[in-house]
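First to last, the sequence lines map onto chains G and R. Be aware that the first sequence starts at 1, since it is given in our numbering, and climbs by one per residue. Be aware that the second sequence starts at 1001, since it is given in our numbering, and climbs by one per residue. Note that the Cβ used here is the ideal one computed from N, Cα and C, for glycine as well. Nothing here was measured: the structure is a model prediction, and the numbers come from that model.
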Amino acid sequence: MFKYILKRILIFIPTLLVISVMVFLLNMYAPGDPVYSIAGIDPNSSKPLSPGAYNAIKKELGLDLPTFYFTMSSKAYPDTLHRIPKKEHQATLSRLINSYGNWDEIRAYHKSVEKMEVAVLDIPRDSLNPKALIKIKEKVRDLYREYKDDKIQKNFEITDKFITSTPSTMVMKDLIDETKANYAAMVNNPTKWKTKVPTFNWYGYKNQYHTWFSKFIRFDFGKSYQSKRPISEEIGERIFWTMLISFISIILTYVIAIPLGVFSARKKDTTADSVVTTILFILYSLPSFWIATLLIVFLCQPEYLNWFPPYGIGDPPSDAGFFETFRIRSYHLILPLFCWTYGSLAFLSRQMRGGMLSVLRQDYVRTARAKGVEERKVIWKHSIRNSLLPVITLFGNIFPLMISGSIVIEILFSLPGMGQYLYQAIVAQNFPVVSTIVMMAALLTMIGYLVVDILYAVVDPRITFD
Amino acid sequence: MFGKKKKSVQNKEEKQSYWSYVARQFKKNKRALYSLYVVMFLAVIALLADFIANEKPIVCKYEGKVYMPVFKQYAVSLGLAKWPTAFKNGDWKDKQYDFVVWPPVPYLPNNLDYKSRWVGPFDKQDVKSKIWRHWLGSDDLGRDVLSGMIHGTRIAFMVGIIAMGIACIIGIFLGACAGYFGDTGLELSRGGLMLNIIGILLGFFYGFYSRSYIMSDAFGVSFGKAIGAFFIGILIFLGILIIVNLISALLNKFIPFLAKRVAFPVDIAITRLIEVINSIPLLVLILAIVAIAKPSIFLVMAVIGTVRWTGIARFIRAELLRVRRLEYIEAANALGFSQMRTMFKHAIPNSLSPVFIAVAFGIASAILIESFLSFLGLGVPAETITWGKMLAISRTNPSAWWFAIFPGLAIFITVTLFNLIGEGLTDALDPRLKQ
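So this is what it looks like as structure tokens:
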């Protein structure tokens, strides 16, 4: 059994690593530029970040590193593309590489666009009419984004149209010509074959994934885009409520479900059984977000019955005693608890009933009855243990169910827990928070499964690992 | 098994196949049977939604000519026909028809009716005649609830069926490979193993990596194009794998070292993959994926499908672990059939029954997940009306009780029906009950 547990724990690690890679990928494909998000600046605003500030934040976030230990790409891609500062520029360059394959020319073109961006700021205001200046600025910035030939040509046409030959705009005009020449060189000497030759790059452990994951296991989850506070701090404030409600809910579930399942199994094929089974089945199928909505609409609104508060956890005055606080809190938590519990309660009771029924069919139960053991003893002493076995395993399934349930209920009742935090992060596109919570949910679920498997091996010695 | 026994006992039931036995068992369960009938009825509503709730008349005579606008709509959207100029402008219901047959609900879910905002089912309504009544009420812009419910049925069924279709394809294939080959069943030559690893990398490179922009551009155009581009990627991938295996077969003839056969642990690989996916709570995973992608109902279906296959795979794996030891598989092997043929033609068809249970429950949960996502306003584009979205309206206006009741009831009933069918199938297929 020791060997089994050891094996089970050893398997935990690669699974966790694979999940972390998946979550990291999700994070990578998230839209937007994290540097702008953490700085709280809209990249399209009139005052974008200065290159220095941009690079400083980028370095702090570790985004100047390569993404993974290794990459597979085509020969056309330089292994230094990740050093190009802006995510947006990287995307455009990557497109250009894909269509032309000649990195040196592309780089030259990109550099001349960069020069244009600086030069455009140096044009004296009075040398051009303001409209033309704005137009040129806009088009130069567009060049960073465009990768299609016709669009770039159009950009050039417009800049040509608006730039006038005065001494103060000579520099700019030369730069435009240089850019055009570089662009022509890039388009006319494509090495597209390079994009069809695969290459394999090895970067070592100094990469974004490695940094992210090693920080994650030290509980350093980075900063939230919204509040700019460490995510671990925010989670610390919220995890208590989720844990508390889940804990009460799990206890309620087991305390009610097991006797109910046993009762229903003992009275099989009676009216009582069919009533209980039907109710349980309906409860099991009732979507909790519908029930929560119904309860909020009909029990918490002045239009109908105004019995319960519709949201929050209550706000007991600071001088309130324990009982007063308890009263206010529980008044707020009754409905959420009900919605959180009834689904898993129904699920577990049905499983318990099924487990009990199959045990009651066993020979040893018939033997016990035949030799005159009291019915109460048959059930609670001989049968319950064996029928509890599957219920133990369900503990592992209840864990992810609880996490999903917490999302539904916390959003609907505005409880300040992890589920609501996840939802707010998704709506606000706050990806560090999203990936942290996904990782934590996965980790908790895996630990749940691990504990259940070990428990099971302890309870039932027949289990072996295969 | 039981089929053989019955044959010898009763000649009358000679044609009794396994499936007719299952059907008979299923019919004994009245609840499940009636659920199946109701589901069929709902499926008909979903199919004919355009004829039941539409802003256009089914048949009308306008300026001396007879039209069938609902049918014509299909032709127009396929590019086969064009609207006559008379119908291009103006509201359908304001026209003076010589003769007209309206659908039972003469509204589309998006049709605005400013005269009746927030009217309840029992309120007095300012409408021309009874057929224009909003039987189940309307929302802030006068959009009809009943019409939304009918078109929502279509979306719910589409989500359930497409998502579980995707899940079935992935689940059956991977589950069958895991169960049939186990850890020792799939033997490759050393050279083949090495070349296959290289082939997978190359196939990924040429099939997907170097075509990634083509695919993402296609996704921007339409979902159908994206599927097409993805499919070409898969073809390239498979093509490269076939070439690689041909090369390895050739090499094996000349280099004996490479020809030595080693087993590839398919089962371990696939069960680990299942464990990885099961370790992330379903809803959390789906929410995270939906958060980074552009809203699209097809994306929601695809995501649910690619996440929900593990249950099916586990069922079929367990079944095939049993089936592969049966005599007829050994016979097929002895006859020299290829492993793939034995697996797909003989082993899988005989182990599909538990999949039906998983599919029935899976459809229920897919519908539930989609409703919840659209309830939160995530993943489903703004113009698509779904049950979940209508239910969410009740949160902004609690006094419109009809939004709290009807869409939620629809979700509940549909989910319950599929669960009941799943239960009925479980009972019908459960070998324990045969004793």
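Cβ neighbour criterion (16 or more within 10 Å) applied to residue 1149 of chain R: Taking the first residue of the second sequence as 1, we reach residue 1149 of chain R at position 149. By the 10 Å Cβ count, residue 1149 of chain R comes out buried.
Contact check, residue 398 of chain G vs residue 348 of chain G, beta carbons under 9 Å: Indexing the first sequence from 1 puts residue 398 of chain G at position 398. Indexing the first sequence from 1 puts residue 348 of chain G at position 348. Yes, Cβ-Cβ distance for residue 398 of chain G and residue 348 of chain G is below 9 Å.
With 16 other Cβ atoms within 10 Å as the buried cut-off, status of residue 1253 of chain R: Locating residue 1253 of chain R in the second sequence gives position 253, where the first residue counts as 1. Its Cβ having fewer than 16 others within 10 Å, residue 1253 of chain R is exposed.
Under 8 Å (Cβ pairs) to chain R, residues found in the stretch 71 to 101 of chain G: 72, 73, 74, 95, 98
Of the residues R:1333, R:1218, R:1293, the one placed nearest residue 1228 of chain R, counting alpha carbons only: Reading the second sequence from its first residue, position 228 is the one you call residue 1228 of chain R. Of the listed residues, the one whose Cα sits closest to residue 1228 of chain R is R:1218.
Beta carbon proximity, residue 1433 of chain R to chain G, threshold 9 Å: By 1-based counting over the second sequence, the position of residue 1433 of chain R is 433. Confidence in residue 1433 of chain R is poor, its pLDDT being 47 and thus under 50, which makes the residue's placement unreliable; the coordinate value appears in the next sentence. Taking Cβ atoms only, chain G never reaches closer than 9 Å to residue 1433 of chain R, which makes this a no.
Any chain R beta carbon closer than 9 Å to residue 403 of chain G: Translated into positions along the first sequence, residue 403 of chain G becomes position 403. Yes, contact with chain R.
Residue 1263 of chain R: first and last residue of the uninterrupted beta strand (DSSP E) it sits in: Walking along the second sequence from the start, residue 1263 of chain R turns up at place 263. For residue 1263 of chain R, the enclosing beta strand (DSSP E) covers residues 1261 to 1263.
Test: residue 942 of chain R CB closer than 9 Å to a CB of chain G: Shown here, chain R extends from 1001 to 1435; a query on residue 942 of chain R therefore has no answer.
Cutoff 6 Å; reference residue 1202 of chain R; Cβ partners in own chain excluding five residues on either side: Reading the second sequence from its first residue, position 202 is the one you call residue 1202 of chain R. Setting aside the 5 residues that flank it on each side, residue 1202 of chain R is surrounded in the same chain by 1240, each with a C-beta closer than 6 Å to its C-beta; the list follows chain order.
Beta-ladder partner(s) of residue 201 of chain G, from DSSP: Residue numbering aside, residue 201 of chain G sits at position 201 when the first sequence is read from its first letter. Bridge partners of residue 201 of chain G: G:71.
Touch test, the stretch 1270 to 1279 of chain R against the stretch 1345 to 1362 of chain R, Cβ-Cβ under 8 Å, three pairs minimum: no
Chain G contact for residue 1408 of chain R (CB, 9 Å cutoff): On the second sequence, residue 1408 of chain R is found 408 positions in, with the first residue counted as 1. Answer yes: the Cβ-Cβ gap between residue 1408 of chain R and chain G drops below 9 Å somewhere.
Selected residue, minimal CA-CA separation from residue 1315 of chain R, among R:1333, R:1132, R:1354: Working through the second sequence from its first residue, we reach residue 1315 of chain R at position 315. If we check each option's Cα against that of residue 1315 of chain R, R:1354 comes out closest.
Nearest candidate by alpha-carbon position, reference residue 89 of chain G, set G:147, G:116, G:61: Working through the first sequence from its first residue, we reach residue 89 of chain G at position 89. Closest by alpha carbon: G:147.
Pair within 9 Å by beta-carbon distance, residue 1291 of chain R and residue 30 of chain G: Taking the second sequence and counting its residues from 1, the one referred to as residue 1291 of chain R is at position 291. Taking the first sequence and counting its residues from 1, the one referred to as residue 30 of chain G is at position 30. Contact: yes.
For residue 1002 of chain R, three-class secondary structure by DSSP: Numbered from its first residue, the second sequence carries residue 1002 of chain R at position 2. The predicted model places residue 1002 of chain R with a pLDDT of 45, which falls under 50 and marks its position as unreliable; any figure quoted below should be read in that light. In the structure shown, residue 1002 of chain R falls within a helical segment according to DSSP collapsed to helix, strand and coil.
Interface flag, residue 441 of chain G vs chain R, CB-CB below 9 Å: Here residue 441 of chain G is taken as the residue at index 441 of the first sequence, counted from 1. Residue 441 of chain G counts as touching chain R.
Residue 1074 of chain R versus residue 1140 of chain R: straight-line alpha-carbon distance, rounded: For the purposes of this step, residue 1074 of chain R is taken as the residue at position 74 of the second sequence. For the purposes of this step, residue 1140 of chain R is taken as the residue at position 140 of the second sequence. If you take the alpha carbons of residue 1074 of chain R and residue 1140 of chain R, they lie about 30 Å apart.
Beta-carbon proximity of residue 408 of chain G to residue 419 of chain G, cut-off 9 Å: Residue 408 of chain G sits at position 408 when you count from the first residue of the first sequence. Residue 419 of chain G sits at position 419 when you count from the first residue of the first sequence. Their beta carbons are under 9 Å apart, which means residue 408 of chain G touches residue 419 of chain G by this criterion.
For residue 143 of chain G, the nearest candidate out of G:121, G:183, G:169, G:166 (CA to CA): Numbered from its first residue, the first sequence carries residue 143 of chain G at position 143. Measuring from the Cα of residue 143 of chain G, the nearest candidate turns out to be G:183.
For residue 223 of chain G: DSSP bridge partner residues: Walking along the first sequence from the start, residue 223 of chain G turns up at place 223. According to the DSSP secondary-structure assignment, residue 223 of chain G is paired through a beta bridge with G:230.
Distance CB(residue 179 of chain G)-CB(residue 156 of chain G) smaller than 9 Å: The count along the first sequence starts at 1 and reaches residue 179 of chain G at position 179. The count along the first sequence starts at 1 and reaches residue 156 of chain G at position 156. Less than 9 Å divides the Cβ of residue 179 of chain G from the Cβ of residue 156 of chain G.
Chain-ordered chain G contacts of residue 1308 of chain R [CB-CB under 7 Å]: Position 308 of the second sequence, counted from the start, is the residue given in the question as residue 1308 of chain R. Near residue 1308 of chain R there are no residues of chain G at all, since even the closest Cβ is about 13 Å away, more than 7 Å.
Beta-carbon proximity of residue 1364 of chain R to residue 1298 of chain R, cut-off 9 Å: Start at 1 with the first residue of the second sequence, and residue 1364 of chain R comes out as number 364. Start at 1 with the first residue of the second sequence, and residue 1298 of chain R comes out as number 298. No, they are not a contact pair.
Contact set between the stretch 235 to 263 of chain G and chain R, restricted to residues whose Cβ is under 7 Å from the partner: none
Enclosing alpha helix (DSSP H) for residue 111 of chain G [first to last residue]: In the first sequence, counting from the first residue as 1, residue 111 of chain G sits at position 111. Residue 111 of chain G -> alpha helix (DSSP H) spans 103 to 122.
Residue 527 of chain G, buried or exposed, once every other Cβ within 10 Å from all chains shown has been counted against 16: Because chain G here runs from 1 to 466, residue 527 of chain G falls outside it and cannot be looked at.
Spatially closest choice to residue 1018 of chain R from R:1379, R:1125, R:1352, by CA coordinates: Position 18 of the second sequence, counted from the start, is the residue given in the question as residue 1018 of chain R. The option with the nearest alpha carbon to residue 1018 of chain R is R:1352.
Cβ neighbour criterion (16 or more within 10 Å) applied to residue 15 of chain G: As a working note, residue 15 of chain G is residue 15 in the first sequence. That one is buried.
Every unbroken alpha helix (DSSP H) within the stretch 1242 to 1316 of chain R, with a cutoff of 4 residues, ordered by chain: 1256 to 1259, 1266 to 1279, 1282 to 1292, 1297 to 1307
Nonlocal neighbours in the same chain, by C-beta distance under 6 Å from residue 1184 of chain R, ignoring five residues either side: Position 184 of the second sequence, counted from the first residue, corresponds to residue 1184 of chain R. Excluding sequence neighbours, residue 1184 of chain R sits near 1263.
Touch test, the stretch 1383 to 1396 of chain R against the stretch 1143 to 1158 of chain R, Cβ-Cβ under 8 Å, three pairs minimum: Between the stretch 1383 to 1396 of chain R and the stretch 1143 to 1158 of chain R, the count of C-beta pairs closer than 8 Å reaches three or more; the two stretches touch.
Cβ-based burial, residue 10 of chain G [other Cβ within 10 Å; buried from 16]: Counted from its first residue, the first sequence places residue 10 of chain G at position 10. By the 10 Å Cβ count, residue 10 of chain G comes out exposed.
Chain G residues whose Cβ lies nearer than 9 Å to that of residue 1419 of chain R: Sequence index remark: in the second sequence, residue 1419 of chain R carries index 419 (1-based). In chain order: 281, 284, 285.
Cutoff 9 Å: residue 22 of chain G Cβ touching any chain R Cβ: Looking up residue 22 of chain G in the first sequence gives position 22. Closer than 9 Å: yes.
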